[in-house]
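Residue numbers (our numbering), protein chains in the order written: chain A, 98 to 388; chain B, 98 to 388.
Here the structure is laid out as structure tokens; the discussion comes afterwards.
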């Protein structure tokens, strides 16, 4: 069992930011990464649909003999984790929401935390609940930032467009404490930072989508230097390491390796995935599967 | 048969811009509109996947007794029209590429035409081929403008972000005649129009995705007042009217009506679709179906 791979699943290439953290934390482990690229994005789909897709993906990974399953997708973790745990027996299943909430609570001094995520993750409310379970008096604002996904996939994660979009979504939160951006929609975006009451704004921002670490620089430009920005990749990797140790499932030695599976174009997966994994992926490394 | 509805199909809500033109051109007709929202977007998927999905959607519409099928999606028309025509017998099937190419050839004086579309449509080359069939010496440049889809769905189709994105994609084409935007990526976007050689740039721009008419104002701002902008909605509607007349299939009188079908969240379809159709859609008007 210790020699078995770890299954990692995402709707597409975003989860490769989590795989990168896992491979750094667990250099001896083997991974099977499945990107359900034919049916992405999950972030705008209904909870029932996402849960159904997530269970199918988990079942597909089981066939590769995985010893543990990491749901490296916030939307699938948010609305599909329970369904996966009900359907998949005998191996531990780890999502990214709990580790992300832990990282946020550890980082925040004031307990006032902003979460940005896909529509599906925000609507599901899993981050808000997970943070409040860990820190009863926390104050959480959540904002869907759907365009960040398209910017990251399009390779426009840096530069003036990404910065404008980041300001569009984030200034209303860090300016007036509310997640309502309706007044900012289509307004001219000022180039000066907002005149905010520092005590009234969140001190921590959770990147609640595995795509968003790609936009870290644009997001930092929009929120300024004093906000703590956390994502769940590193804490998820730490959780998985602890879990494997606890259950005596670690692979003690040997070289790490990754097998990639995608449900649509292996060329596109390799091309866009290379940016997310921060190392080249050859299309020949990616296997096309049907779910 | 004349009383039967017309089936209209798109991957999501974009095709509602075509439905709007159809309803204006054919006020007595009834329509069944199917948006495959659970599996959108088609624009980034491989040809085989899109063709398979398009055939499934066409078969679903057949069950509603449609007398004619309109593929109101450029990507599905580009790579799925042949497969649909092979699978669906007995009723005419109309795509949006041929009408769009006709509109472009009619509008262009110089024969130098730019096409913007999704990745799938551009890669498939159907627009380029259709234009060259109609006008042998035309010169066609095609550019994927994937972010326009996300902007339209996010309601950010106007304003400074949309204008920046439009400049990012379109200035390289209208400045130097090439569809290569790599040099413009992540560069600072100048606010002055480019110093272009007018004779060397396209005189016509085809909006080769049913989402893009939503961004017409931002696109116009980017290309300036002298470029002809055409989309396939009006010409497709005209083609369908001529086809129905020719085949004696028109509904001669009576009030028009539309039935909406979606494969995911009816609330999201109604909310975002209302903008595309330019009239409110009640979620109760939308039926959830599974393909």
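We treat Cβ as the ideally placed atom computed from N, Cα and C, and that holds for glycine.
- Tell me whether residue 256/A sits in a helix, a strand or coil according to DSSP, three-state version. coil
- Task: Below 6 Å CB to CB, which residues in the same chain sit around residue 370/A once its five sequence neighbours on both sides are set aside?
- Result: 110, 113 and 378
- Task: Determine the burial state of residue 383/A: buried for a count of at least 16 other Cβ atoms within 10 Å of its Cβ, exposed for fewer.
- Result: buried
- Message: For chain B, check one thing: does any of its Cβ atoms lie closer than 7 Å to the Cβ of residue 143/A?
- Response: yes
- Task: Determine the extent of the beta strand (DSSP E) in which residue 106/A is found, giving its start and end residues.
- Result: 103-107
- Item | Chain-ordered neighbours of residue 380/A on chain B, where CB pairs are closer than 7 Å | Here the premise fails: no neighbours, minimum Cβ distance about 12 Å.
- Got a sec, what are the start and stop residues for the alpha helix (DSSP H) residue 225/A sits in? 223-231
- Is the Cβ-Cβ distance between residue 247/A and residue 319/A less than 7 Å? no
- Message: List, in chain order, every chain A residue whose beta-carbon is nearer than 8 Å to that of residue 261/B.
- Response: 257, 258 and 261
- Message: Let me see if you follow: with CB-CB separation under 7 Å, is residue 276/A close to chain B or not?
- Response: Legend: pLDDT at residue 276/A = 39, less than 50; position of this residue unreliable, no value from coordinates given.
- Query: Looking at the structure shown, is residue 209/A part of a helix, part of a strand, or coil, going by DSSP?
  - Reply: strand
- If the cut is a Cβ gap below 9 Å, which residues of chain B does residue 235/A touch? Within chain B, no residue comes near residue 235/A; the closest Cβ sits about 28 Å away, beyond 9 Å.
- Item | Contact the segment 147-165 of chain A vs the segment 232-248 of chain A: 3+ CB pairs below 8 Å | no
- Anything in chain A within Cβ reach of residue 361/B, meaning under 7 Å, just list it in chain order. 142, 143 and 146
- Could you list which residues in chain B have their beta carbon closer than 7 Å to that of residue 265/A, in chain order? 258
- Item | residue 244/B to residue 345/A span [Cα, whole Å] | 46 Å
- Message: Does the contact criterion of 3 or more C-beta pairs under 8 Å hold for the segment 302-321 of chain A versus the segment 176-185 of chain A?
- Response: no
- Determine the DSSP secondary structure at residue 134/B, reduced to helix, strand or coil. coil
- Message: Between residue 153/B and chain A, is the shortest Cβ-Cβ distance under 7 Å, so that the two count as touching?
- Response: no
- Could you check which residue in 251/A, 304/A, 221/A and 367/A has the C-alpha nearest to that of residue 140/B? 251/A
- Starting from residue 202/A and walking both ways along the beta strand (DSSP E), at which residues does that stretch end? Unbroken run through residue 202/A is the alpha helix (DSSP H), 194-204; no beta strand (DSSP E).
- Message: I want to verify the contact list: residues of chain B whose CB lies under 7 Å from the CB of residue 135/A, in sequence order.
- Response: 142 and 146
- Does residue 239/A have its Cβ less than 7 Å from a Cβ in chain B? no
- Query: Interface residues of chain A around residue 334/B at Cβ under 8 Å?
  - Reply: Here the premise fails: no neighbours, minimum Cβ distance about 28 Å.
- Proximal residues of chain B, C-beta to C-beta of residue 121/A below 9 Å: Neighbours of residue 121/A on chain B: none; closest Cβ ~26 Å, over 9 Å.
- Message: Taking its Cβ as the centre, do 16 or more other Cβ atoms sit within 10 Å of residue 254/B, making it buried, or is it exposed?
- Response: buried
- Query: When DSSP labels each residue in this structure, what does residue 243/A get in the three-state scheme?
  - Reply: coil
- Query: Can you give the Cα-Cα distance for residue 127/B and residue 330/B, rounded to whole angstroms?
  - Reply: 17 Å
- residue 312/B - containing alpha helix (DSSP H), residue span: Unbroken run through residue 312/B: none, as it is neither H nor E.
- Starting from the Cα of residue 355/A, find the closest Cα among 206/A, 117/A, 204/A and 108/A and give me that residue. 117/A
- Item | Sheet register partners of residue 357/A (DSSP bridge) | 130/A and 383/A
- Local conformation of residue 64/A per DSSP, three classes: For chain A, the structure presents residues 98 to 388; residue 64/A sits outside this window and is missing.
- Message: Strictly under 7 Å for the Cβ-Cβ distance: is residue 223/B near chain D by that measure?
- Response: The chain labelled as chain D is not found among the protein chains of the depicted structure, namely A and B.
- Return the residue from the list 101/A, 306/A, 98/A and 271/A that minimises the CA-CA distance to residue 219/A. 306/A
- Message: Considering only their Cβ atoms, is the gap separating residue 361/B from residue 146/A smaller than 7 Å?
- Response: yes
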